[in-house]
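First the structure, in the form of structure tokens, and then the observations on it.
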Amino acid sequence: MSKIIQVSTAKLVMDKLSYANLIKWRFAVSKKLLIIRPNVPGDNYTAMFSYQAAEQVKSKAIAEGWTVTDLQANNTNRVNVEQKINSVNPDFIIHYDHGSQYALYGQNNNAITAVLDAANVDLFNGKAASTVSCESASGLGPLAIDSNAKAYLGYDELHWVHLWYVNKFIEASNAANYALLEGKTYQQAYDLAIQKYDEKYNELAPVDVSAAGLILHDRDHLQILGNASAKATGITISRITTATIAPKIPKIVRRLK
Amino acid sequence: MSTYDEQRKKEKQLTKDLAIADVKEWIGKLPKEKAKSPAIVVGTKTFTPEEIRKEVENDTEYGKEFAKILAKSRIELAKRKNQ
Numbered sequence: 002m003s004k005i006i007q008v009s010t011a012k013l014v015m016d017k018l019s020y021a022n023l024i025k026w027r028f029a030v031s032k033k034l035l036i037i038r039p040n041v042p043g044d045n046y047t048a049m050f051s052y053q054a055a056e057q058v059k060s061k062a063i064a065e066g067w068t069v070t071d072l073q074a075n076n077t078n079r080v081n082v083e084q085k086i087n088s089v090n091p092d093f094i095i096h097y098d099h100g101s102q103y104a105l106y107g108q109n110n111n112a113i114t115a116v117l118d119a120a121n122v123d124l125f126n127g128k129a130a131s132t133v134s135c136e137s138a139s140g141l142g143p144l145a146i147d148s149n150a151k152a153y154l155g156y157d158e159l160h161w162v163h164l165w166y167v168n169k170f171i172e173a174s175n176a177a178n179y180a181l182l183e184g185k186t187y188q189q190a191y192d193l194a195i196q197k198y199d200e201k202y203n204e205l206a207p208v209d210v211s212a213a214g215l216i217l218h219d220r221d222h223l224q225i226l227g228n229a230s231a232k233a234t235g236i237t238i239s240r241i242t243t244a245t246i247a248p249k250i251p252k253i254v255r256r257l258k
Numbered sequence: 009m010s011t012y013d014e015q016r017k018k019e020k021q022l023t024k025d026l027a028i029a030d031v032k033e034w035i036g037k038l039p040k041e042k043a044k045s046p047a048i049v050v051g052t053k054t055f056t057p058e059e060i061r062k063e064v065e066n067d068t069e070y071g072k073e074f075a076k077i078l079a080k081s082r083i084e085l086a087k088r089k090n091q
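So the sequences go chain by chain: S and B.
The opening position of the first sequence corresponds to residue 2 in the working numbering, with each subsequent residue numbered one higher.
The opening position of the second sequence corresponds to residue 9 in the working numbering, with each subsequent residue numbered one higher.
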């Protein structure tokens with residue numbers, strides 16, 4: 002009886018060993034980005050600033066090898082945003098639009114409507130997030146971190162823009178997102194954004210005191226929440242079995258010969 | 009001699025007065041047509057320089073915020089003056 006057990010156990014161990022030898026795990030960087038950018042007619046913040054700022058971020062993301070899902074204008078309604086987050090499962094969510102303490106807004110039939118708030122904050126679970134909008138880092142951001150978002154970059158006060166110098170405001174607002182898309186950490190992205198805001202302040206101060214003041218205000222209210230060492234990229238783990246490497250074996254053998 | 013509360017009240021008024029002076033100075037340097045063109049955007053609101061001056065004068069929510077922003081900018085300029 003004991004011999005039978007020993008033989009079967011040995012067989013099981015052998016099976017496990019050979020199984021373990023057959024399986025390898027491959028880790029790869031995942032770069033799935035969801036952009037949410039309303040464009041409400043007659044709303045200057047979206048029409049003259051945030052929509053085009055997000056367009057530049059999209060170009061940068063594509064250049065950096067991200068797969069981009071770009072929700073624009075009325076496609077940024079709550080149903081679409083929730084559905085895309087669930088179906089695409091993005092590593093990184095970038096939002097450009099209005100915000101308030103506990104909500105990020107989208108657009109539904111040209112009305113500005115809340116699309117991410119306390120009721121669906123669990124959608125941030127496991128994701129990196131960044132928003133250029135007012136106030137959300139003081140309420141929704143902490144809730145997102147409580148719901149296991151990796152990190153959240155946003156503003157904890159009103160986000161002001163001066164239309165006469167809109168390109169300088171876009172450059173400053175986009176700096177952190179560019180850095181995150183390049184694979185830098187949230188802390189590095191934040192530091193680079195502060196540098197960019199300083200640079201723009203120095204350019205504006207001698208020209209227009211009000212615009213300089215506004216860009217300084219935006220700089221001082223940018224906040225990182227969550228893990229500052231996190232990156233916006235994700236990790237995919239795929240299993241490599243003999244079935245997946247078998248087709249490559251003849252090539253390897255030929256090379257060895 | 010002012011009490012603490014009286015002094016704080018006076019200083020609030022001073023902040024507002026300085027902000028109005030800054031905005032007026034800013035508007036004074038602008039070509040006339042610029043003073044009435046959309047300049048500052050926050051949330052769903054857009055203000056021309058003349059409108060933002062009125063916001064500050066009337067102590068509205070945005071006017072108060074704008075006055076604080078200008079005060080902060082003055083501090084930053086003072087910090088950098090001898091750099």
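Built from N, CA and C at the ideal position, the CB exists for glycine as well.
In this text, all values refer to a predicted model and were calculated from it rather than measured experimentally.
1. Please list, in chain order, the residues of the segment 212-234 of chain S that have any C-beta partner in chain B closer than 9 Å.
2. In angstroms with no decimal places, state the Cα-to-Cα distance between Tyr52 (chain S) and Arg61 (chain B).
3. Quick check on the DSSP output: the beta strand (DSSP E) that includes His163 (chain S) runs from which residue to which?
4. Could I get the ranges of all uninterrupted alpha helix (DSSP H) runs contained in the segment 159-212 of chain S, with 4 residues as the minimum, in chain order?
5. Of the residues S:Leu117, S:Pro143, S:Ala120, S:Leu105, which one's Cα is nearest the Cα of Val133 (chain S)?
6. So, Gly107 (chain S) versus Ala120 (chain S), is the Cβ gap smaller than 9 Å?
7. Report all residues from its chain with a CB closer than 6 Å to the CB of Ala29 (chain S); omit the five preceding and five following residues, and keep chain order.
8. Below 8 Å, can you find three or more Cβ-Cβ pairs linking the segment 157-176 of chain S to the segment 219-226 of chain S?
9. Tell whether a beta-carbon distance below 9 Å holds between Lys232 (chain S) and Tyr187 (chain S).
10. Among S:Leu35, S:Gln102, S:Val58, which residue has its Cα nearest to the Cα of Thr77 (chain S)?
11. Kindly list, in the order they appear in chain S, the residues whose Cβ is closer than 8 Å to that of Gly51 (chain B).
12. Confirm, please, whether the CB-CB distance from Ser211 (chain S) to Ile48 (chain B) is below 9 Å.
13. Considering only residues of the same chain and omitting the five flanking positions on each side of Ala145 (chain S), which have a CB-CB separation below 7 Å?
14. Using the C-alpha atoms, what's the distance from Val58 (chain S) back to Asn175 (chain S)?
15. Let me know the secondary structure DSSP gives Val1 (chain S) once reduced to three states.
16. With Gln57 (chain S) as the anchor, note down where its alpha helix (DSSP H) starts and where it stops.
17. Measuring only between beta-carbons, confirm whether Ala29 (chain B) sits less than 9 Å from chain S.
18. Let me see if you follow: with CB-CB separation under 9 Å, is Glu58 (chain B) close to chain S or not?
19. Name the chain S residues whose beta carbon is nearer than 7 Å to that of Thr54 (chain B)?
20. Within 10 angstroms of its Cβ, does Tyr179 (chain S) collect 16 or more other Cβ (buried), or is it exposed?
21. With the cut-off set at 9 Å, would you say Ala206 (chain S) and Leu26 (chain B) are in Cβ contact?
22. With a Cβ-Cβ cutoff of 9 Å, do Trp1 (chain S) and Ile241 (chain S) count as a contact?
23. Who are Gly227 (chain S)'s beta bridge partners in DSSP?
24. Could you check if Ala112 (chain S) is buried or exposed, using at least 16 other CB atoms within 10 Å of its CB as the buried criterion?
25. Kindly provide the ranges of any alpha helix (DSSP H) runs that are 4 or more residues long and lie completely inside the segment 63-120 of chain S, ordered along the chain.
26. Can you give the Cα-Cα distance for Arg79 (chain S) and Pro39 (chain S), rounded to whole angstroms?
27. Determine the DSSP secondary structure at Ser239 (chain S), reduced to helix, strand or coil.
28. With DSSP run on the structure shown, which of helix, strand or coil describes Ser134 (chain S)?
29. Take the Cβ of Tyr97 (chain S) as the centre, count every other Cβ of all protein chains shown within 10 Å, and call the residue buried at 16 or more, exposed below.
30. Residues bridged to Ala129 (chain S) by DSSP?
31. Only counting the same chain, and skipping five residues up and downstream in sequence, which positions put a Cβ closer than 8 Å to that of Ser3 (chain S)?
32. Answer yes or no: does any C-beta atom of chain S fall closer than 9 Å to that of Pro39 (chain B)?
33. So that I know if they touch, is there some Cβ in chain B lying closer than 9 Å to that of His96 (chain S)?
According to the structure shown:
1. Hits within the stretch, in order: Ala212, Ala213, Gly214, Leu215, Leu217, His218, Asp221.
2. Translated into positions along the first sequence, residue 52 (chain S) becomes position 51. Translated into positions along the second sequence, residue 61 (chain B) becomes position 53. Rounded to whole angstroms, Tyr52 (chain S) to Arg61 (chain B) spans 28 Å at the Cα level.
3. Here residue 163 (chain S) corresponds to residue number 162 of the first sequence, with the count starting at 1. Judged by DSSP secondary structure, His163 (chain S) falls within the beta strand (DSSP E) whose first and last residues are 161-163.
4. 167-182, 187-205
5. Numbered from its first residue, the first sequence carries residue 133 (chain S) at position 132. Val133 (chain S) has its Cα closest to that of S:Leu105, out of S:Leu117, S:Pro143, S:Ala120, S:Leu105.
6. Residue numbering aside, residue 107 (chain S) sits at position 106 when the first sequence is read from its first letter. Residue numbering aside, residue 120 (chain S) sits at position 119 when the first sequence is read from its first letter. The answer is no: Cβ separation not under 9 Å.
7. On the first sequence, position 28 is the one that residue 29 (chain S) refers to. These residues qualify, in order along the chain: Thr237.
8. yes
9. Residue 232 (chain S) sits at position 231 when you count from the first residue of the first sequence. Residue 187 (chain S) sits at position 186 when you count from the first residue of the first sequence. Cβ distance < 9 Å, so Lys232 (chain S) and Tyr187 (chain S) count as in contact.
10. One-based indexing of the first sequence puts residue 77 (chain S) at position 76. It is S:Leu35.
11. The residue given as residue 51 (chain B) occupies position 43 in the second sequence. Per Cβ cutoff of 8 Å: Tyr46, His99, Cys135, Leu159.
12. One-based indexing of the second sequence puts residue 48 (chain B) at position 40. One-based indexing of the first sequence puts residue 211 (chain S) at position 210. Yes, the pair counts as a contact, with Cβ atoms nearer than the cut-off.
13. The residue labelled residue 145 (chain S) in the question sits at position 144 within the first sequence. A distance below 7 Å between beta-carbons, with the five flanking residues on each side excluded, links Ala145 (chain S) to the following residues of its chain, in chain order: Val122, Phe125, Ala130, Tyr153.
14. Taking the first residue of the first sequence as position 1, residue 175 (chain S) is located at position 174. Taking the first residue of the first sequence as position 1, residue 58 (chain S) is located at position 57. Distance between the alpha carbons of Asn175 (chain S) and Val58 (chain S) is about 7 Å.
15. Outside the shown range of chain S (2 to 258) lies residue 1 (chain S), about which nothing can therefore be said.
16. Position 56 of the first sequence, counted from the first residue, corresponds to residue 57 (chain S). Looking at the DSSP string, the run of the alpha helix (DSSP H) that includes Gln57 (chain S) is 52-64.
17. Locating residue 29 (chain B) in the second sequence gives position 21, counting from the first residue. Judged by the 9 Å Cβ criterion, Ala29 (chain B) is not in contact with chain S.
18. Counting from one through the second sequence, the residue named residue 58 (chain B) turns up at place 50. Not an interface residue.
19. Your numbering for residue 54 (chain B) matches position 46 in the second sequence. Ordered by position in chain S, the residues that pass the 7 Å Cβ test against Thr54 (chain B) are Asn45.
20. The residue labelled residue 179 (chain S) in the question sits at position 178 within the first sequence. Looking at its Cβ environment, which holds 16 or more other Cβ atoms inside 10 Å, Tyr179 (chain S) is buried.
21. Residue 206 (chain S) sits at position 205 when you count from the first residue of the first sequence. Residue 26 (chain B) sits at position 18 when you count from the first residue of the second sequence. No; because the gap between Cβ atoms is not below 9 Å, this pair is not in contact.
22. Any question about residue 1 (chain S) goes unanswered here, given that chain S covers just 2 to 258.
23. Here residue 227 (chain S) refers to the residue found at position 226 when the first sequence is read from its first residue. Per DSSP, the beta-bridge partners of Gly227 (chain S) are S:Ala152.
24. In the first sequence, residue 112 (chain S) corresponds to position 111, counting from 1. The residue is exposed, with fewer than 16 neighbouring Cβ atoms inside 10 Å.
25. 79-89
26. Counting from one through the first sequence, the residue named residue 79 (chain S) turns up at place 78. Counting from one through the first sequence, the residue named residue 39 (chain S) turns up at place 38. Computed Cα separation, rounded: 12 Å.
27. The residue you call residue 239 (chain S) lines up with position 238 of the first sequence. Strand at Ser239 (chain S).
28. Counting from 1 along the first sequence, the entry for residue 134 (chain S) is found at position 133. Ser134 (chain S): coil per DSSP, three-state reduction.
29. For this step, residue 97 (chain S) is matched to residue 96 along the first sequence. It counts as buried.
30. Counting from one through the first sequence, the residue named residue 129 (chain S) turns up at place 128. Bridge partners of Ala129 (chain S): S:Phe93, S:Ala152.
31. Here residue 3 (chain S) is taken as the residue at index 2 of the first sequence, counted from 1. Low per-residue confidence applies at Ser3 (chain S): pLDDT is 48, beneath 50, and the placement is therefore not dependable, though the value from the model is reported in the following sentence. Hits under 8 Å: none found.
32. Translated into positions along the second sequence, residue 39 (chain B) becomes position 31. No, Pro39 (chain B) does not count as interfacial toward chain S.
33. Stepping through the first sequence from its first residue, residue 96 (chain S) is reached at position 95. Output row for His96 (chain S): interface = no.
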